[in-house]
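Please read the structure below before turning to the comments.
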Amino acid sequence: MAEKQNQVVGERREKDVTDFPRAAAIGQALIGLDFPADKNKIIRHIQLQSQSNPDCEKMIPILEKIEDKQYANANDITQAAGLVR
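This note's numbering puts the first residue of the sequence shown at 45, with every later residue one more than the last.
In structure tokens, the structure reads:
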């Protein structure tokens, strides 16, 4: 279980991480991304990261499956990708 920051009334404090290595890798790859960010901005950021980190290329198919909307932070993205519940 990973604890979510900013305790929000009515929301669970703990999250189930279904794929910790991928969730952590995506979180690291998103460092430096300005939020809020939509799906296209997120994917462009990951593509730029793949120039220095080839593992980022493996994240793109995962991120292409997320809903096309604004995301407030990396946690929202990993939840949309099904890596955190």
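The C-beta atom is built at its ideal place from N, Cα and C for all residues, glycine as well.
Values in this document were obtained by computation on a predicted structure and should not be read as measured data.
Check: Within the same chain, show all residues whose beta-carbon is closer than 6 Å to that of GLN114, passing over the 5 residues directly before and after it, in chain order.; Outcome: PRO80, ASP82
Check: Determine the burial state of ILE86: buried for a count of at least 16 other Cβ atoms within 10 Å of its Cβ, exposed for fewer.; Outcome: buried
Check: My understanding is that GLY71 touches ALA125, with C-beta atoms under 8 Å, so please give their C-beta distance in whole angstroms.; Outcome: Not confirmed; about 11 Å, so no contact.
Check: Assign GLN93 to buried or exposed, taking buried as 16 or more other Cβ atoms, counted over all protein chains shown, within 10 Å of its Cβ.; Outcome: buried
Check: To the nearest angstrom, how far is the alpha carbon of ASP112 from that of GLN95?; Outcome: 24 Å
Check: Tell me whether the beta-carbon of LEU127 lies closer than 7 Å to the beta-carbon of ALA67.; Outcome: yes
Check: Among CYS100, ILE110, ASN84, LYS109, whose alpha-carbon lies nearest the alpha-carbon of PRO65?; Outcome: CYS100
Check: Quick check: the Cα distance between GLN123 and LEU77, rounded to an integer number of angstroms?; Outcome: 17 Å
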